[in-house]
Structures are given as structure tokens and as C-alpha cells.
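Residue numbers (the working numbering): 74 to 487.
Notes to accompany the following structure.
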Ligand code: DSN
């Protein structure tokens with residue numbers, strides 16, 4: 074493991090903060106559904122000299138000199154991710170999921186065009202047309218919702234599509250726990266002549282690891298992040314069918330981005346290589362098993378599971394209904410016990426996003442550490458004790474000690 078000797082020598086304040094974060098990650102339970110722990114090889118790539126290089130353009134057609142190695146790594150990343158997902162075309166330059174989505178919109182929409190996207194409080198992402206975002210000011214987003222049982226009513230969605238004539242129909246989510254019916258969704262789009270897009274950011278790793286069905290054969294455009302379940306560096310990705318390839322590449326650069334971050338592209342190539350290995354399928358399946366084990370424990374403890382059940386790596390819990398604790402308090406108290414989650418709005422939440430009615434819990438990072446069903450049961454028990462603690466410091470620090478002991482048996486970086 075890197076000792077960060079040079080950083081220690083040259084910048085004590087930065088080094089101390091880094092050491093603090095390393096300790097926090099090592100000694101705590103990371104249950105934020107969108108986070109994970111990358112391999113030492115991915116960390117090496119991120120800290121490499123490729124951070125020095127500008128490389129506007131694409132392999133073989135760049136605007137600056139000195140590209141013999143950037144071309145190699147970008148081609149490697151593209152080839153690997155195409156193999157991983159069986160996609161016709163890939164762009165590995167998006168700096169994040171938000172910029173991938175922005176580029177996808179820019180590639181196929183004109184200002185004012187209509188898009189159907191999932192409502193944020195029902196599990197959609199900010200970038201799927203929330204009114205505070207720039208895309209919502211440029212395009213006309215219509216948001217669909219989930220039903221009381223947590224499913225999407227596809228007949229209702231079809232009626233909405235027929236009524237609104239969207240140019241683009243967007244599936245995908247950041248806090249929804251059910252499987253989307255890709256065939257039905259894309260059949261509706263075909264009926265109204267809409268382009269189809271799926272944001273698979275949260276579940277890309279589970280799709281790569283064949284634990285969940287793939288949207289790639291069904292959708293025209295599929296966006297993702299490369300961290301989350303895919304366990305690579307922070308970054309974005311766009312896959313698409315060949316007829317959209319030119320428009321997507323032009324939209325990423327020069328449309329919405331300048332120079333790609335080549336250290337990130339190298340790290341993506343490394344992570345895609347890791348995800349192609351057979352052991353990644355074992356990891357992806359264990360994420361599902363762990364999420365189910367956690368859900369069963371919470372049900373046993375009498376919790377209200379939002380959307381009815383989980384079919385992926387995360388679950389949402391209504392902490393107000395289950396334990397009369399707001400999402401904000403739950404997050405803060407859990408932090409004091411070294412258990413990291415995020416407060417989360419629930420469908421049509423009467424409370425605001427800074428103090429919503431629930432929390433979102435994800436298992437990708439603890440699964441990477443090697444934790445299995447037994448540990449999930451312990452985690453559910455600790456979370457329940459925290460939510461019953463009324464925030465009492467003594468109870469929380471007791472749980473913190475137990476968490477630290479468990480984490481010692483599952484080191485992140487050996
Ligand atoms: N922030 C990510 C998440 O937590 O889902 C998505 O942008």
C-alpha cells in the first residue's frame with residue numbers, strides 16, 4: 074500500500090486529512106449505495122503520470138501531440154468495456170455520470186424536446202430532469218412515478234408516452250430497488266417513436282457480473298458511472314448502438330467537455346479488466362445475496378421497506394414510520410457509530426430533502442471487503458440499535474467499538 078511519503082514531506086495538512094480518511098474507511102462500515110472500494114491497481118492508475126496529459130479528441134485523431142500512450146489506454150478501456158457489456162460503441166471520456174447524461178441528451182435532443190424520466194423522490198436521479206438542473210431548463214422533462222407497491226405501472230407509462238410524444242424515454246435510477254422491465258419499457262418507446270436511454274449507474278457492476286439482466290441489447294443509449302457497483306474510479310461512461318456513435322462522441326467532446334482525464338481513463342481500463350475476470354461474477358452475486366440478507370433482517374425487526382422489496386444492491390427504509398426517527402437524525406447518529414449511510418427522500422416525501430423520512434443503505438462496499446450474510450445480520454442489528462438509541466452518545470460509541478472490531482477482520486487494503 075502507498076505510504077504517501079512525498080505528500081507527508083511536502084504538505085502535512087493534506088497528508089493528515091488523507092490519513093484520517095484512510096482510517097475512517099478502514100474502521101467504519103461504508104453503506105452508501107453509490108460507493109465502493111477500488112483495488113490497489115485502480116488507485117495506482119489514478120495516481121499516475123497520465124494526470125499530466127491533455128488529449129482532446131479520440132484515439133488516432135487528437136488535437137495535441139504526444140499521444141502514443143494515451144491512445145493505447147483509451148483503446149484498451151473502450152475494447153474492454155465493449156466486451157464487458159457487449160455494446161456496439163463506447164465512450165469512456167465522461168468525467169462523471171452527470172456529464173455522461175448531459176452529453177447523451179445533447180447528442181439526441183434539441184432544446185425544448187420532451188423527455189420522460191423518473192421522478193427524483195420515486196428513485197430517479199437529479200440529472201433525470203429535476204427542475205433545479207440545467208437540462209430541465211433546456212429540455213421539457215415529464216416525470217413518471219412508481220406505484221404504492223413499488224412497481225412501475227407500464228400501462229400508465231404507455232398512456233403518458235402516447236399523451237406527451239417524448240423524443241427520449243429515460244429509464245434508470247439512483248434510489249430505486251426494483252428491476253425495470255426493459256422489454257416493456259422499450260416497446261412503449263417504439264410505439265411512440267422515442268429514442269431509449271437507460272442510466273444504469275447504480276447497477277452497472279451487477280450487470281457486468283451477470284447478477285442482473287442487461288439493458289444494453291434493448292436501449293439505444295446506456296449511461297453509467299464507473300465507480301459504484303462497477304468498482305472503478307469515479308467517472309462516467311456511455312454505451313450506444315452504432316447509429317448513435319458519432320453523435321455521442323461529438324456531444325462528449327467538444328460538446329460538453331474539453332480534455333478527458335487520462336489518469337481516470339487508465340483507471341477505467343484497469344477496472345474494466347478486473348470486472349472481466351470470473352471472480353467479479355461471484356462478487357456481483359454476493360451483492361444481491363447480501364442485500365437480501367439485510368432486507369430479511371430488517372423485515373424481521375419490523376421495518377417498513379420502501380418499494381416493497383429489493384432486487385438490487387440497496388434498500389430504502391422508512392425510518393420515520395419504522396422508528397419515528399427522521400432521515401437526518403438517522404444519518405447523523407449512524408455516523409457517530411461509524412456506519413455511513415445517506416438520508417433519502419421517499420416517494421412523495423412530505424419532508425424536505427435535507428431532513429427526509431428515510432435512509433438508503435447499500436452493500437457494494439462491505440461486500441468488496443468480503444462481508445457476507447452473517448455480517449449483514451449484525452449490521453441490521455446495529456442500525457436498529459442506533460435508531461432506538463435516541464442519539465445517546467454512550468450507546469453510539471459502544472456500537473462504534475463493535476463496528477471497529479468487525480472491520481479489523483475485513484481489512485480494505487491489506
Ligand atoms: N450521488 C450518487 C448517488 O448517491 O446515487 C448519484 O449521483
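We treat Cβ as the ideally placed atom computed from N, Cα and C, and that holds for glycine.
All figures in this text were calculated on a predicted structure; none of them were measured in a lab.
Discussion item. I'd like to know whether the C-beta atoms of residue 501 and residue 151 end up nearer to each other than 9 Å.
Written reply: Missing from the structure shown is residue 501; the chain here goes from 74 to 487 and no further.
Discussion item. Ligand 1 and residue 110: does the residue's C-beta get closer than 8 Å to at least one heavy atom of that ligand?
Written reply: no
Discussion item. Can you tell me whether residue 440 is buried or exposed? The criterion is at least 16 other CB atoms within 10 Å of its CB, across all chains shown.
Written reply: buried
Item to complete: Consult DSSP for residue 435 and reduce its assignment to one of helix, strand or coil.
Response: Of the three classes helix, strand and coil, the one that applies to residue 435 here is strand, per DSSP.
Worksheet item: Does the beta-carbon of residue 430 have 16 or more other beta-carbons within 10 angstroms, so that it is buried, or is it exposed?
Response: By the 10 Å Cβ count, residue 430 comes out buried.
Practice prompt. Express the C-alpha separation of residue 168 and residue 306 in angstroms, rounding to a whole number.
Written response: Residue 306 and residue 168: Cα-Cα distance of roughly 10 Å.
Fill in: Sequence-ordered residues whose beta carbon comes within less than 5 Å of a heavy atom of ligand 1
Cβ atoms closer than 5 Å to ligand 1 belong to 107 and 247.
Discussion item. Measuring straight from C-alpha to C-alpha, what distance separates residue 323 and residue 119?
Written reply: 26 Å
Worksheet item: If you draw a straight line from the alpha carbon of residue 232 to that of residue 262, how long is it in whole angstroms?
Response: 11 Å
Discussion item. So the candidates are 272, 237 and 236; which of them puts its Cα closest to the Cα of residue 35?
Written reply: No statement about residue 35 is possible, as the shown extent of the chain runs from 74 to 487 and does not include it.
Worksheet item: When we look at the beta-carbon of residue 89 and count the other beta-carbons within 10 Å, is it buried (16 or more) or exposed?
Response: exposed
Fill in: Stretch pair the stretch 173-188 + the stretch 304-321: three plus CB contacts closer than 8 Å
yes
Fill in: Reference residue 246; option with closest CA among 295, 282 and 256
295
Worksheet item: So is residue 398 buried or exposed if we call it buried at 16+ other beta carbons inside 10 Å?
Response: buried
Discussion item. Following a CB-centred definition, is residue 277 positioned closer than 8 Å to any heavy atom of ligand 2?
Written reply: In the structure shown, ligand 2 is absent; the only ligands present are ligand 1.
Worksheet entry | residue 93: first and last residue of the uninterrupted alpha helix (DSSP H) it sits in | 85-100
Practice prompt. Let me know if residue 122 comes out buried or exposed under the rule of 16 or more other beta-carbons within 10 Å of its beta-carbon.
Written response: exposed
Worksheet item: Measuring CA to CA, which of 214, 298 and 357 is closest to residue 280?
Response: 357
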